[in-house]
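One structure is given below, encoded as structure tokens.
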Amino acid sequence: MASTLAEKIIAAHVGREVSPGEIVVTGVDVAALQDGTGPLALQQLEELDMLRAVNPEKTILFIDHAAPSPRKELSNAHKSLRDFAAATGAVLSEINEGVCHQRLVESFSSPGDIVIGADSHTCTSGALGAFATGMGSTDVAIGIATGKTWLKVPETMLVNVSGSFGEGVYAKDLILYLIGEIGADGATYMALEFAGPGVEAMTMSDRLTIANMAVEAGAKTGLFAADEKTAAFLEEQGRAGDFKEIAADPDADYSHTFAIDAGELVPMVSAPHTVDNTVTAAEASGRKLDQVYIGTCTNGRIEDLRVAAGILRGRQRNPSTRLIVTPGSRSVYLKAAAEGLLADFVEAGAMVTGTGCGACVGVHGGILGDGEVCLATQNRNFQGRMGNAEAFIYLSSPATAAASAIAGKIVDPREFSG
Amino acid sequence: MILKGRAWIFGDGISTDHIAPGRYFHLRTNLPELAKHVLEDANADFASEMQPGDFVVAGRNFGLGSSREHAPRIIKLAGVSAVLAQSFARIFFRNSINVGLPVLELDTSSISQGDELEVDLEAGAVRNLTSGETLSFAPLPAVMVKILDDGGLVEHFRKHGDFNL
Ligand code: SF4
């Protein structure tokens, strides 16, 4: 039987062919918790008297959502993660090591893996060809203690991409466009599989941005074949040995297909308060901004910072628009420092923070005031997301965000000349 | 099992940020406190005015967004007996079963704020005592019924020592 990527990876784990709708119990290769979901997972294990990790070197506890801790309750939550890591040999990713999904692709997830994480954007690792999906604390706790989880084999929607991005248009614009078209529940419990010449041409950074947001269409995971780009990326991380080629069968059975010509796309933004509320940047232009936020697991990679710094270099943010830049991981931070990008940002009037989730999740480091408007490169603009239900969040690419920070209002980066 | 209570109406696209807002992130290790803010950003009066047994009745894609299991946990902890929605985001749906919160998919459009509802989980029926109408919902997938019947995933493991689906 010809298989999609999702079916192939699950079949390899359970040792037989699988079809959509089927329930399987499967082995887990990588299991991850973060500081918002981890303490509850450990509580569940304690209740079951199963405080253990069967695969400690592939069990990772990330302190990234509230890092460094802004209050004592969270400091105590962090302690519970550190204690578990010390007791079991599980990996602890400390403050400033980076956002969990960026760290997972840098050091832990590999093509063909099944990755579960107590964070919805675990689907990011799908860019490497891993079946990676977000689950709740209890599911991941069980995965950590037993090395197993249950899955319903999803149907797959093929997103066939042709063409290449025009000037000022990026992977973020593609995924915002797709979610706008199919809706926030357009791929509910499906695997999204991205393929076609447009995908082959994409950088790993592009693929990561797209896979990251699969869950914003309701998808279980967002998958890319592992090809020479994947091999080169893993080699760069010092993990050449973790590469394995993996692709869907050419005649695989897709329940849905969607075609996108990347060359036809324009810069997009998601308007408040849903990700599928997309309009073109041109349509949203003129909206005044109190804050611009560049970073997160969606767009906090070195490629993103290069684009943003390229626009901001030698210019100034608008005096009434504050600008916060948060590199996605320590390795991104160090590269950005070596390339002089951090200085570019600070000179342009930005605050550069340490790595982590920062302002994205509304815990600390950039909470919005009542009625304030923010343009952010993250993946969600839900009401209350950045810590205030009375505020308004728009989403865009780093290029649109950087150009808009200078203008003090949303602009189409292609029409912008600081 | 028969559940009885009043309907609290919510719209489409209620996210986990509406249910368990990020600004209460520090309360995630204190669920009884967090439960006092349940659904606060969708209806500020809900947590203080709902009665134990009441139902959350919503539109499409309820629970979209983050994987925080705290969301269904605090809905349950607040005393909500079940969530009825036209559709659910899947991580939320699975988490709800894992923590023992019944989540029922049906056309909720005829239910109004304050309607008295009676839900028969076995029969798959919602009787609207206020309007007299009876609605039916699709049964849960068999694997979820097993986990829910055991009282959630932790109890399932306590009982069987492994997945027994
Ligand atoms: S950066 Fe934002 S979306 Fe990504 S893991 Fe952190 S909180 Fe979640």
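As you go down the protein sequences, you meet chains B and D in turn.
Each position in the first sequence, counted from 1, maps to that position plus 11 in my numbering.
Each position in the second sequence, counted from 1, maps to that position plus 233 in my numbering.
We put the beta carbon where it would ideally sit given N, CA and C, even for glycine.
{"Query": "Going by DSSP, what residues sit across from H267 of chain B in a beta bridge?", "Result": "B:M168"}
{"Query": "Give the interface partners of G145 of chain B over in chain D, defined as CB-CB distance under 7 Å, in chain order.", "Result": "S300, I324"}
{"Query": "So what does DSSP say about R333 of chain B, is it helix, strand or coil?", "Result": "strand"}
{"Query": "Just the Cα atoms here: how many angstroms apart are I324 of chain D and V39 of chain B?", "Result": "18 Å"}
{"Query": "Alpha carbon to alpha carbon, how far is S120 of chain B from D46 of chain B? Give it in angstroms, no decimals.", "Result": "19 Å"}
{"Query": "With distance defined between alpha-carbon atoms, name the residue in B:A412, B:F393, B:A410 nearest to I404 of chain B.", "Result": "B:F393"}
{"Query": "If we define contact as Cβ-Cβ less than 8 Å, is L103 of chain B a contact residue for chain D?", "Result": "no"}
{"Query": "Take G376 of chain B as the anchor and find which of D:E366, D:R256, D:G244 has the nearest alpha-carbon.", "Result": "D:R256"}
{"Query": "Can you check whether the C-beta of R256 of chain D is within less than 8 Å of a C-beta belonging to chain B?", "Result": "yes"}
{"Query": "Which two residues bound the contiguous beta strand (DSSP E) that contains R360 of chain D?", "Result": "358–361"}
{"Query": "Ignoring anything shorter than 3 residues, give me the beta strand (DSSP E) runs that lie fully in the region 183–231 of chain B, in order along the chain.", "Result": "201–206"}
{"Query": "Look at E358 of chain B and T214 of chain B and say whether their C-beta atoms are less than 8 Å apart.", "Result": "no"}
{"Query": "Classify K183 of chain B: buried if its beta carbon has 16 or more other beta carbons within 10 angstroms, exposed otherwise.", "Result": "buried"}
{"Query": "With distances taken Cα to Cα, identify the nearest neighbour of S281 of chain D among D:F326, D:W241, D:H303.", "Result": "D:W241"}
{"Query": "Any contact between the region 255–270 of chain D and the region 294–304 of chain D? By contact I mean 3 or more CB pairs, one from each, below 8 Å.", "Result": "yes"}
{"Query": "Straight-line CA distance for A23 of chain B to F321 of chain D?", "Result": "30 Å"}
{"Query": "What span of residues does the alpha helix (DSSP H) with Q113 of chain B cover, start to end?", "Result": "111–118"}
{"Query": "By the three-class DSSP mapping on this structure, what secondary structure does L316 of chain B have?", "Result": "helix"}
{"Query": "Taking 8 Å as the CB-CB limit, is H259 of chain D close to chain B?", "Result": "yes"}
{"Query": "Would the beta-carbon of Q389 of chain B be found less than 7 Å away from any heavy atom of the ligand SF4?", "Result": "yes"}
{"Query": "Flag this pair as yes or no: are the beta carbons of P424 of chain B and I322 of chain B separated by less than 8 Å?", "Result": "yes"}
{"Query": "Any C-beta of chain D sitting closer than 8 Å to the C-beta of L85 of chain B?", "Result": "yes"}
{"Query": "In chain order, which continuous runs of the beta strand (DSSP E) of length 3 or greater are located wholly inside the region 323–406 of chain B?", "Result": "333–337, 384–387, 403–406"}
{"Query": "What residue range does the beta strand (DSSP E) around I71 of chain B cover?", "Result": "70–73"}
{"Query": "Using three-state DSSP, classify I106 of chain B as helix, strand or coil.", "Result": "coil"}
{"Query": "Does the Cβ of H259 of chain D lie closer than 7 Å to at least one heavy atom of the ligand SF4?", "Result": "no"}
{"Query": "Given a threshold of 16 other Cβ atoms within 10 Å of its Cβ, counted over all protein chains shown, does A243 of chain B qualify as buried or as exposed?", "Result": "exposed"}
{"Query": "What residues from chain D crowd round L59 of chain B, counting only those whose CB sits closer than 7 Å?", "Result": "V387, F390, R391"}
{"Query": "Is the beta carbon of T220 of chain B less than 8 Å from the beta carbon of G306 of chain B?", "Result": "no"}
{"Query": "Closer than 7 Å by C-beta to G26 of chain B: which residues in its own chain qualify, once you throw out the five before and the five after it? Chain order, please.", "Result": "none"}
{"Query": "Are there 16 or more other CB atoms within 10 angstroms of the CB of L368 of chain D, so buried, or fewer, so exposed?", "Result": "buried"}
{"Query": "Run the proximity test for C134 of chain B: is its beta-carbon closer than 7 Å to any non-hydrogen atom belonging to the ligand SF4?", "Result": "no"}
{"Query": "Rounded to the nearest angstrom, how far is the Cβ of V170 of chain B from that of L203 of chain B, given a contact under 8 Å?", "Result": "6 Å"}
{"Query": "Taking any Cβ of chain D, which residues in the region 390–418 of chain B have a Cβ under 8 Å from it, in chain order?", "Result": "R391, F393, Q394, G395, R396, M397, G398, N399, A400"}
{"Query": "So L221 of chain D packs on A315 of chain D, CB below 8 Å; how close in whole Å?", "Result": "Outside the displayed range of chain D (234 to 398) lies residue 221 of chain D, so it cannot be described from this structure."}
{"Query": "Is it the case that the region 233–243 of chain B contacts the region 147–165 of chain B, given that we only count it when at least three CB pairs across the two stretches are under 8 Å?", "Result": "no"}
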